[in-house]
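By the numbering used here, the letter at position 118 of the sequence shown is numbered 106, and the numbering carries on one by one without gaps.
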Amino acid sequence: MSLYGSNVEYGLHCLLFLAGPDMHAPVSAKDLAEFQGVSPSLVAKLFSQLQKAGIVASAEGIQGGYRLAKAASEVSVMDVILAVEGDKPLFQCKQIRRNCILYSGNPPDWATNGVCSIHAVMLEAQERMFETFRGHTLASLAQQVESKLPKSQSAAGREWFEARLAERRRGSRSKYAKRGKR
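Rendered as structure tokens:
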């Protein structure tokens, strides 16, 4: 079982499109969902959470959609995790050391003073993990993704979003639209 749900992954993937150097116009949540084959209602919910956290801003109307509310270099993976999942600890200590049968329900101070050794290890691991998340931004992730993509793929994605924006302005659909959907 994963600590963070797939919503973090979906949110980061969607945000990478907004972080791209060529994405100047707002992008609709519906278009982001369709492009990636993800539920539109899920993406709408994610973007509501991201907007509340100040990561994205929305623009209303036919040409509306979402854009980053701040520079991609200022949005860490940790920011996105906190917006989508909240402040989740890696480990929840249950203070099992208090329950030893030898203590008859009354553990001595020496057995319970300070942080549990197991919990201390988990806290250290959590801090290292969070440090890694804080060290990566949308800009650094976008740069990594862009370096792997063939230029033609990057251009095709940009053109798809540009075509969708133009279609919204005209009220039509393109060759990329799924049949039977409007």
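Just so it is clear, CB atoms sit at the ideal spot from N, CA and C, and this is done for glycine as well.
On a predicted model such as this, the values are computed, not experimentally measured, just so you know.
Name, in chain order, the residues that DSSP records as bridge partners for residue i.
i      : result
Thr125 : Ser64
Val15  : Tyr54
What separation, rounded to the nearest whole angstrom, lies between the Cα atoms of residue i and residue j?
i      : j       : result
Ser142 : Leu3    : 15 Å
Glu134 : Cys81   : 41 Å
Asp75  : Ser16   : 27 Å
Asn94  : Gln114  : 31 Å
Leu78  : Leu0    : 20 Å
Trp98  : Ser29   : 53 Å
Ile106 : Arg116  : 16 Å
Ser128 : Glu62   : 10 Å
Arg157 : Gln51   : 6 Å
Phe118 : Gly(-7) : 16 Å
Ala71  : Asn(-5) : 10 Å
Gly25  : Leu137  : 19 Å
Glu112 : Gly102  : 15 Å
Determine the extent of the beta strand (DSSP E) in which residue i is found, giving its start and end residues.
i     : result
Gly25 : No beta strand (DSSP E) holds Gly25; DSSP gives it neither H nor E.
So, for residue i: in the same chain, excluding its five sequence neighbours on each side, which residues have a beta-carbon less than 7 Å away from its beta-carbon?
i      : result
Ser27  : Ala21
Ala130 : Leu4, Ala7, Gly8, Ala60
Thr100 : Arg85, Arg86
Met172 : Absent from the model: residue 172. The displayed extent of the chain is -11 to 170, so no value can be given.
What span of residues does the alpha helix (DSSP H) with residue i cover, start to end?
i      : result
Gly145 : 139 to 158
Ala7   : -6 to 7
CB-CB under 6 Å to residue i, same chain, minus the five flanking residues each way: which ones, in chain order?
i      : result
Arg152 : Asp19
Leu126 : Leu3, Ala7, Ala60, Val63
Ala40  : Per the sequence presented here, residue 40 reads as Lys, with Ala not at that position. Excluding positions up to five away in sequence, the list is empty.
For residue i, which residues in the same chain have their Cβ closer than 8 Å to its Cβ, ignoring the five residues on either side in sequence?
i      : result
Val44  : Leu3, Leu6, Phe35, Leu38, Tyr54, Arg55, Leu56, Ala57
Phe121 : Ser64, Val65, Met66, Ile69
Gly176 : The chain is shown only over -11 to 170; residue 176 falls outside these bounds and no answer can be derived.
Gln132 : none
**Request:** List in chain order: all unbroken alpha helix (DSSP H) runs of 4+ residues lying wholly within the region 35 to 101.
**Result:** You should have 65 to 73, 97 to 100.
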